[in-house]
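Residue numbers (my numbering): 114 to 243. Beta carbons: idealized from backbone N, C-alpha and C, even for Gly. These notes are about the structure you will find just below.
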């Protein structure tokens, strides 16, 4: 229980058992609402911060504009024989890792993961500008 052991076994020693039961019920209700208030404060705070991040996000559009852009991109990819997005991202990431290794902007750690520095971004941007 919230207050320790359940005291109803020792009710014979109390003169006002009704007051004791009222106190226990009141205590339980007050503690329940306090814990509920803490929980709601955490949830509402997280909701507000997420809502603020979404409002600051410039890429997010409406459902209709997102669907329209997907359809246009699909048609253009078919007409102009563009590569798929997955293939494009895969090739770009391979190029980025290779360019970073060649310039020394990235190194592999002991687990084989490529660790990149801020120099990597500059090298990749220079390559795409030329």
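{"Asked": "What alpha helix (DSSP H) runs, 4 residues minimum, are completely inside the region 150 to 206?", "Found": "176 to 193"}
{"Asked": "For residue 209, count neighbouring C-beta atoms within 10 Å of its own C-beta (all shown protein chains included) and say buried if the count is 16 or more, exposed if not.", "Found": "buried"}
{"Asked": "So, at 7 Å on beta carbons, what are the nonlocal neighbours of residue 165 in its own chain, with the 5 sequence-adjacent residues on each side left out?", "Found": "none"}
{"Asked": "Whole-angstrom Cβ separation of residue 189 and residue 181, contact assumed at under 8 Å?", "Found": "Residue 189 to residue 181, Cβ: 12 Å. No contact."}
{"Asked": "Which value, in whole angstroms, describes the spacing of the CA atoms of residue 147 and residue 138?", "Found": "14 Å"}
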